[in-house]
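The numbering of the sequence shown is the working numbering, which starts it at 91 and goes up by one.
Quick reminder that beta carbons are idealized off the backbone N, C-alpha and C, glycines included.
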Amino acid sequence: MNTGPHGTGGLPPAFLAPETSSFVDFLAAHAPGLLPANRSLPAPHDGFEAPHGTTIVAATYADGVLVAGDRRVTMGNVIAHRDYDKVFPADGHSAIAIAGTAGIAVELVKLFQLELEHHEKIEGTALSLLGKANRLTTLVRGNLPMAMQGLAVVPLFAGYDLDKGVGRIFSYDVTGGRSEERDIAATGSGSVYARGSLKKLYHPGMPEAEIVLAAVQALYDAADDDSATGGPDLSRKLFPRVCLVTEDGYRQLTQDEVAEVARSVVDRRLEAPDGPRAALL
Numbered sequence: 091m092n093t094g095p096h097g098t099g100g101l102p103p104a105f106l107a108p109e110t111s112s113f114v115d116f117l118a119a120h121a122p123g124l125l126p127a128n129r130s131l132p133a134p135h136d137g138f139e140a141p142h143g144t145t146i147v148a149a150t151y152a153d154g155v156l157v158a159g160d161r162r163v164t165m166g167n168v169i170a171h172r173d174y175d176k177v178f179p180a181d182g183h184s185a186i187a188i189a190g191t192a193g194i195a196v197e198l199v200k201l202f203q204l205e206l207e208h209h210e211k212i213e214g215t216a217l218s219l220l221g222k223a224n225r226l227t228t229l230v231r232g233n234l235p236m237a238m239q240g241l242a243v244v245p246l247f248a249g250y251d252l253d254k255g256v257g258r259i260f261s262y263d264v265t266g267g268r269s270e271e272r273d274i275a276a277t278g279s280g281s282v283y284a285r286g287s288l289k290k291l292y293h294p295g296m297p298e299a300e301i302v303l304a305a306v307q308a309l310y311d312a313a314d315d316d317s318a319t320g321g322p323d324l325s326r327k328l329f330p331r332v333c334l335v336t337e338d339g340y341r342q343l344t345q346d347e348v349a350e351v352a353r354s355v356v357d358r359r360l361e362a363p364d365g366p367r368a369a370l371l
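So this is what it looks like as structure tokens:
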């Protein structure tokens, strides 16, 4: 450790001089071994299973954008966790949801949160929503060596664009390819079922109560057909995680708020197990 002017321990000079507004670039210069792209991994072997997070969805609505996810994490054919969080605040006006290798995904989320916080502290202003989405592209691409070993992370990023006054959604592939989604998005093992369900229930400009109900219905449908997706667990009081991002910022619905919606969905499914029917025309 370097010594200060009085011979006491202190931080190296690089930590005291803002060389870059990117925390990832700072790590690359001063601690490259901490970045996923620079880690040395052993060859994959048969039988290795890591916990995987599954289904997440996002949808724009009248006031902004919703992001939601089920709570189940699986490891092969085993339920590893029943109450895992897959939706997180990226900063005050954006959210990130994760699917893929759970431990690696949570680490990526923390690095992304630091990246946005570091930029705001150094520059004195937050990145634009598109700028945040581009920074996440770099992080996902940096995880490609681990994805090639079977430890992939596929996030969804959504936020409220303060310049345009609308909610926006961005999806990614394992190489870091970014696409802006129109209206709805889903990823994870149950995403085909969740997206199909949400597609039939969604219409632009939905109010908050309706979009929350539609998201819970979509996750229920995913759990109905995908064993790796967890549905509402009434006995354990475990329900999907639902978050909203509006002009006022990020807000996570309380367990009681989601529980009320989830219980109404379950009660209705006792009469109509396949859920609501969309009109043919």
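Residues SER218 of the same chain have their beta carbon placed closer than 7 Å to that of ASP253, with the five preceding and five following residues left out of the count. With a cutoff of 8 Å on beta-carbon distance, VAL243 and ILE188 are scored as near each other. With a threshold of 16 other beta carbon atoms within 10 Å, PHE247 meets it and is buried. Distance from the CA of PRO330 to the CA of GLY166, rounded to the nearest whole angstrom, comes to 21 Å. When rounded, the separation of the alpha-carbon atoms in ALA369 and LEU206 is 43 Å. The DSSP assignment places 219-232, 234-237 as complete runs of the alpha helix (DSSP H) inside the region 216-246, in order along the chain (cut-off: 4 residues). Annotated three-state conformation of SER317 is coil, per DSSP. If you draw a straight line from the Cα of THR277 to the Cα of LYS290, it is about 17 Å long.
Separation of the CB atoms of ALA192 and ALA275 is rounded to 20 Å, and the pair is thereby denied contact status at 8 Å. Looking at the backbone, the Cα of ASP160 and that of SER317 are separated by about 12 Å.
Beyond the five residues adjoining it in sequence on each side, ALA312 comes within less than 6 Å, by CB distance, of THR145, GLY280, TYR283, ALA284, THR319 in the same chain, given in chain order. Here the region 354-365 lies against the region 299-315, with 3 or more beta-carbon pairs under 8 Å apart. Burial is judged here by how many other beta carbons sit within 10 angstroms of a residue's own beta carbon; THR164 has at least 16 and is buried. Under DSSP, ASP251 takes part in a beta bridge, and its partners are VAL256. Boundaries cannot be given for PHE329, as no beta strand (DSSP E) includes it and DSSP labels it neither H nor E. For GLY339, there is no enclosing alpha helix (DSSP H); the residue is part of the beta strand (DSSP E) that begins and ends at 339-342. For TYR151, the enclosing beta strand (DSSP E) has its first and last residue at 146-151. Under the three-state reduction of DSSP output, ASP364 falls in the coil class, being neither helix nor strand. Each of GLY214, GLU350, TYR340, MET236 was checked against the Cα of LYS327, and the nearest Cα belongs to GLU350.
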